[in-house]
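Asks:
Number of protein chains: 2
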Amino acid sequence: MENSDDLFHFLSNTNDSFFPEPASSIMQQSFSSSFSYYPLQPFNAPPHQDKALAALRNHKEAEKRRRERINAHLNKLRTLLPCNSKTDKASLLAKVVERLKELKQQMSEITQSETFPSENDEISVLSTGGDGSGGDGRLIFKASLCCEDRSDLIPDLVGILKSLHLTTLRAEIATLGGRTRNVLVVATDKDRSVESIHFLQNSLHTLLQHNGASKRRRVVGPNFIV
Amino acid sequence: MENSDDLFHFLSNTNDSFFPEPASSIMQQSFSSSFSYYPLQPFNAPPHQDKALAALRNHKEAEKRRRERINAHLNKLRTLLPCNSKTDKASLLAKVVERLKELKQQMSEITQSETFPSENDEISVLSTGGDGSGGDGRLIFKASLCCEDRSDLIPDLVGILKSLHLTTLRAEIATLGGRTRNVLVVATDKDRSVESIHFLQNSLHTLLQHNGASKRRRVVGPNFIV
DNA sequence: AGTCACACGTGACAC
DNA sequence: TGTGTCACGTGTGAC
Numbered sequence: 001m002e003n004s005d006d007l008f009h010f011l012s013n014t015n016d017s018f019f020p021e022p023a024s025s026i027m028q029q030s031f032s033s034s035f036s037y038y039p040l041q042p043f044n045a046p047p048h049q050d051k052a053l054a055a056l057r058n059h060k061e062a063e064k065r066r067r068e069r070i071n072a073h074l075n076k077l078r079t080l081l082p083c084n085s086k087t088d089k090a091s092l093l094a095k096v097v098e099r100l101k102e103l104k105q106q107m108s109e110i111t112q113s114e115t116f117p118s119e120n121d122e123i124s125v126l127s128t129g130g131d132g133s134g135g136d137g138r139l140i141f142k143a144s145l146c147c148e149d150r151s152d153l154i155p156d157l158v159g160i161l162k163s164l165h166l167t168t169l170r171a172e173i174a175t176l177g178g179r180t181r182n183v184l185v186v187a188t189d190k191d192r193s194v195e196s197i198h199f200l201q202n203s204l205h206t207l208l209q210h211n212g213a214s215k216r217r218r219v220v221g222p223n224f225i226v
Numbered sequence: 001m002e003n004s005d006d007l008f009h010f011l012s013n014t015n016d017s018f019f020p021e022p023a024s025s026i027m028q029q030s031f032s033s034s035f036s037y038y039p040l041q042p043f044n045a046p047p048h049q050d051k052a053l054a055a056l057r058n059h060k061e062a063e064k065r066r067r068e069r070i071n072a073h074l075n076k077l078r079t080l081l082p083c084n085s086k087t088d089k090a091s092l093l094a095k096v097v098e099r100l101k102e103l104k105q106q107m108s109e110i111t112q113s114e115t116f117p118s119e120n121d122e123i124s125v126l127s128t129g130g131d132g133s134g135g136d137g138r139l140i141f142k143a144s145l146c147c148e149d150r151s152d153l154i155p156d157l158v159g160i161l162k163s164l165h166l167t168t169l170r171a172e173i174a175t176l177g178g179r180t181r182n183v184l185v186v187a188t189d190k191d192r193s194v195e196s197i198h199f200l201q202n203s204l205h206t207l208l209q210h211n212g213a214s215k216r217r218r219v220v221g222p223n224f225i226v
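So, in structure tokens, the structure goes:
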């Protein structure tokens, strides 16, 4: 028992071993020396193995570089997450997965929700389904306009709505980086109905065409669902 | 040369080796059998090493589990990124770092830009530094109001601005989840100056107090920098 | 051929 | 103590 222990320590595989280390690939297996062609000759290794030894050394170093590359990236990840340098590789990766899913979800929520202006000009006029005002014949629908921002866009929009006798129930206006998106929930007058929607649609279209006279952009829509 | 090659293959370390595998830890080093206490006895291993053998087996299995855990997370990452299952571990991690930085940047841009309404009521009135209208004495500043949304908030705001003879140069309005944030860039009249800012500030404050009569919220600010 | 990347078993170290 | 993590050298298959 203590014998084997001593043996363990004496033979412990330090890097500065006095044995030429590339030889170990063969030596490792030489316990089956009953079959070995070179039993018990650790210091007189089989001749002409220089190539193999060199290859082995290259392999060893390449593997070390690979490990270093991976660990370097893992350390970068450590700095990008709320975790100290002593967190486990596995736990670190778990946190990374977690965080990535989280950010992905948030980003999709943000971009998919139409609060932000997109890069493309868009018009949509959508019926909200039923009318929300107790069956008195008023139509409620949502109009969305996304385009380059300009100072008198809102007044123009207000003018259009007024001329069509539409009342604005709700407005979401976002401008970002020179682009704007306006989402309006509007209601028709009691006596005027579906044609208002077409008028609004046309008006928005001309508004957008007027807007984008200088800079051409792809126009998505108009979209119309009743 | 060809001898050693044969030796390599014959002794190749397969899992189903007919040697009891835990013994290899000692056997690996036994090439220095000139020092070994048990030279050349691979089939009659030193007695009473059962504990050591069991420990070694446990160790081996634990290490395998650890590797599997890490690789499982790496595979999860592969599914979360635009990359197939044949991408390198290192490259995969590089992509992860890249993507994480990217998302982090985007999120900070979005959240730090005050386009989204926050959970807390806020008022801020900030001078933009110089005046942007050619030194004609008009002051330009940015007023921000974040509070619960209500239908006549904008009209109230417009009324305040009109009564203070402030003209709106730019407006960013965002509503989200029942909360709204309005950022207004306004300019004073030529003859009226700093006191307009205080009036606006007070007006916004009363507006917000009136707004939040039912639901109490923390009020951040008002903030005033000239 | 030779290079690359991966999984494995193992010694070392930590708590 | 054992239990877990890490780096290392190595075998091996893929291209």
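The listed protein sequences correspond, in order, to chains A and B.
The first sequence begins at 1 in UniProt numbering and counts up one residue at a time.
The second sequence begins at 1 in UniProt numbering and counts up one residue at a time.
Heads up, the beta-carbon is just placed ideally off N, CA and C, and yes, glycines get one too.
Just so you know, these numbers come straight off a predicted model, no measurement behind them.
(1) Alpha carbon to alpha carbon, how far is I140 of chain A from L80 of chain B?
(2) Where T168 of chain A and K86 of chain B are concerned, what is the direct C-alpha to C-alpha distance, given to the nearest angstrom?
(3) Is L139 of chain A near the ligand ADP, in the sense that its beta carbon is under 6 Å from a heavy atom of that ligand?
(4) Using beta carbons (cut-off 7 Å, strictly below), is L93 of chain A in contact with chain B?
(5) Can we say the region 144 to 158 of chain A touches the region 197 to 207 of chain A, given the rule of at least three CB pairs closer than 8 Å?
(6) When the Cα atoms are used, what is the spatial distance from K64 of chain B to E122 of chain A?
(7) Going by CA-CA distance only, name the one from A:S196, A:L56, A:A174 that's closest to P117 of chain A.
(8) So, does the CB of K162 of chain A fall closer than 7 Å to a CB anywhere in chain B?
(9) Within 10 angstroms of its Cβ, does V194 of chain B collect 16 or more other Cβ (buried), or is it exposed?
(10) Which chain A residues are close to I173 of chain B, counting only those with a beta carbon under 7 Å from its beta carbon?
(11) Cβ atoms of R138 of chain B and T180 of chain B: under 7 Å apart, would you say?
(12) Are the CB atoms of V185 of chain B and K142 of chain B within a distance shorter than 7 Å?
(13) Tell me whether S151 of chain B sits in a helix, a strand or coil according to DSSP, three-state version.
(14) Cα-Cα, which of A:L103, A:A171, A:R150, A:H165 is closest to D152 of chain B?
(15) Quick check on the burial criterion: 16 or more other C-beta atoms within 10 angstroms. Buried or exposed for K60 of chain A?
(16) Under three-state DSSP, which class holds R179 of chain B?
(17) Against I140 of chain B, what residues of chain A qualify as contacts under a CB-to-CB distance less than 7 Å, listed in chain order?
(18) Going by the DSSP bridge assignment, what does E172 of chain B pair with across the sheet?
(19) Under 9 Å Cβ-Cβ, which residues of chain A neighbour V125 of chain B?
(20) Can you find the residues in the same chain that come closer than 8 Å, C-beta to C-beta, to R78 of chain B, ignoring five residues on each side of it along the sequence?
(21) If we define contact as Cβ-Cβ less than 7 Å, is H59 of chain B a contact residue for chain A?
(22) Going by other Cβ atoms of all chains shown within 10 Å of its Cβ, with 16 needed for buried, is N211 of chain A buried or exposed?
(23) Taking the alpha-carbon positions, what's the R57 of chain A to K104 of chain A distance?
(24) Where C146 of chain A and S144 of chain B are concerned, what is the direct C-alpha to C-alpha distance, given to the nearest angstrom?
(25) So what's S91 of chain B in DSSP terms, helix, strand or just coil?
(26) Which value, in whole angstroms, describes the spacing of the CA atoms of S203 of chain A and R150 of chain B?
(27) From S163 of chain B to V183 of chain B, what distance separates their C-alpha atoms?
(28) Could you tell me whether the Cβ of R69 of chain B comes closer than 7 Å to any Cβ of chain A?
(29) Cα separation between M107 of chain A and M107 of chain B?
(30) For L74 of chain A, which residues from the same chain have a beta carbon less than 7 Å from its beta carbon, with the 5 sequence-adjacent residues on both sides left out?
(31) Give the straight-line distance between the Cα atoms of P82 of chain A and R99 of chain A, rounded to the nearest whole angstrom.
(32) How is S85 of chain B classed by DSSP in three states: helix, strand or coil?
(33) I want to see whether chain B comes within less than 7 Å of H165 of chain A, judged by CB atoms only; does it?
Replies: Let me spell this out:
(1) 40 Å
(2) Rounded to whole angstroms, the separation of the alpha carbons of K86 of chain B and T168 of chain A is 54 Å.
(3) The model on display carries no ligand, and the ligand ADP is accordingly not part of it.
(4) yes
(5) yes
(6) 55 Å
(7) Ranked by how close their Cα comes to the Cα of P117 of chain A, the residues A:S196, A:L56, A:A174 have A:A174 in first place.
(8) Taking Cβ atoms only, chain B never reaches closer than 7 Å to K162 of chain A, which makes this a no.
(9) exposed
(10) Chain order gives the chain A residues near I173 of chain B as I173, where near means a beta carbon separation below 7 Å.
(11) No, Cβ-Cβ distance for T180 of chain B and R138 of chain B is not below 7 Å.
(12) yes
(13) coil
(14) A:A171
(15) The residue in question, K60 of chain A, is exposed, as its Cβ has fewer than 16 Cβ neighbours within 10 Å.
(16) strand
(17) Within 7 Å Cβ-Cβ: nothing; I140 of chain B doesn't reach chain A, min ~14 Å.
(18) B:V183
(19) Neighbours of V125 of chain B across chain A, judged by C-beta separation under 9 Å, do not exist; the nearest C-beta is about 20 Å away.
(20) N84, S85, T87, L92
(21) It does not: the Cβ of H59 of chain B has no partner Cβ on chain A nearer than 7 Å.
(22) buried
(23) The alpha-carbon atoms of R57 of chain A and K104 of chain A are separated by roughly 44 Å.
(24) 23 Å
(25) helix
(26) Cα to Cα, S203 of chain A sits roughly 28 Å from R150 of chain B.
(27) Answer to the nearest angstrom: the Cα atoms are 18 Å apart.
(28) yes
(29) 8 Å
(30) K89, L92
(31) Computed Cα separation, rounded: 10 Å.
(32) coil
(33) No, H165 of chain A does not count as interfacial toward chain B.
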